[in-house]
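Scroll down for the structure; my scribbles are underneath it.
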Amino acid sequence: RHTLIPASVDDGELFHATHVDPAEWVAALAYLKAASSAQLYIADPQIKRGANTLVIGADTVCVHNGKVMGQPGDRNEAHAMILSMSDAEHEVLTGIAIVDPITGRREIFIDRSVVRVGVIPESEIVAYLESEQWRGKAGAYNITERLAAGWPIEFDGDETSIVGIPLTRTLERVQQFFVD
Numbered sequence: 003r004h005t006l007i008p009a010s011v012d013d014g015e016l017f018h019a020t021h022v023d024p025a026e027w028v029a030a031l032a033y034l035k036a037a038s039s040a041q042l043y044i045a046d047p048q049i050k051r052g053a054n055t056l057v058i059g060a061d062t063v064c065v066h067n068g069k070v071m072g073q074p075g076d077r078n079e080a081h082a083m084i085l086s087m088s089d090a091e092h093e094v095l096t097g098i099a100i101v102d103p104i105t106g107r108r109e110i111f112i113d114r115s116v117v118r119v120g121v122i123p124e125s126e127i128v129a130y131l132e133s134e135q136w137r138g139k140a141g142a143y144n145i146t147e148r149l150a151a152g153w154p155i156e157f158d159g160d161e162t163s164i165v166g167i168p169l170t171r172t173l174e175r176v177q178q179f180f181v182d
């Protein structure tokens, strides 16, 4: 059983200092999201309590040529992100934080993937931008959707991590959380 508690952390509003390591950035954001939701869980008497409750927070960014790319703020930024990744390779980092809202115990980890994008014709980019499917997505794309659309993409890593949460690793860590 699960309950979705949206975090009160808007990472689009946070300042990203250029000297912050991208892995530390996604780990910190994942923890802020999990901690925020854990506080909401504790404060809301409407939420049904259960034994072994955990809160999971996640954040994903793309890193290309040393530049961190989160969710684009507008169409122009989405266009620039996609153009920069066309015919290039970038890294996708997903930070995961697992928090026990009662004890405060936490585990934070990072999952890394490498994505190679072939040449994307400008006409496809324009059609994609017009669809607005880029909204709310790190690097302005969802790999599953773009693969289905026929974009020339290859990757090393876990596709679910590139989408936003490495399901297998997260499940393993949740199970281990109760063993430790």
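Quick note on my numbering: the sequence shown kicks off at 3 and runs consecutively. Backbone N, C-alpha and C define an ideal beta-carbon position, used for all residues, glycine too. This one's a predicted model, so the numbers in the text were calculated from it and none came from an experiment.
Val57 counts as buried, since no fewer than 16 other beta carbons sit within 10 angstroms of its beta carbon.
Per DSSP, the continuous beta strand (DSSP E) segment holding Leu95 begins and ends at Ala90 to Val101. Exclusion of the five residues before and after Val11 leaves Leu34, Lys35 and Ser38 as the residues of its chain whose Cβ lies within less than 6 Å of its Cβ. One thing to note: Ala40 has its Cβ no nearer than 8 Å to the Cβ of His66. Look at the beta carbons and you see the stretch 80–88 not touching the stretch 98–114: under three pairs across the two are nearer than 8 Å. Cα atoms of His92 and Pro47: separation of roughly 44 Å, rounded to the nearest angstrom. Between the stretch 97–109 and the stretch 171–179, the count of Cβ pairs shorter than 8 Å is three or higher; the stretches touch. Here Leu31 is buried. Its C-beta has 16 or more other C-beta atoms within 10 Å. Within the DSSP secondary-structure output, Val116 pairs in a beta bridge with Glu93 and Asp158. Here Val121 is exposed, its C-beta having fewer than 16 other C-beta atoms within 10 Å.
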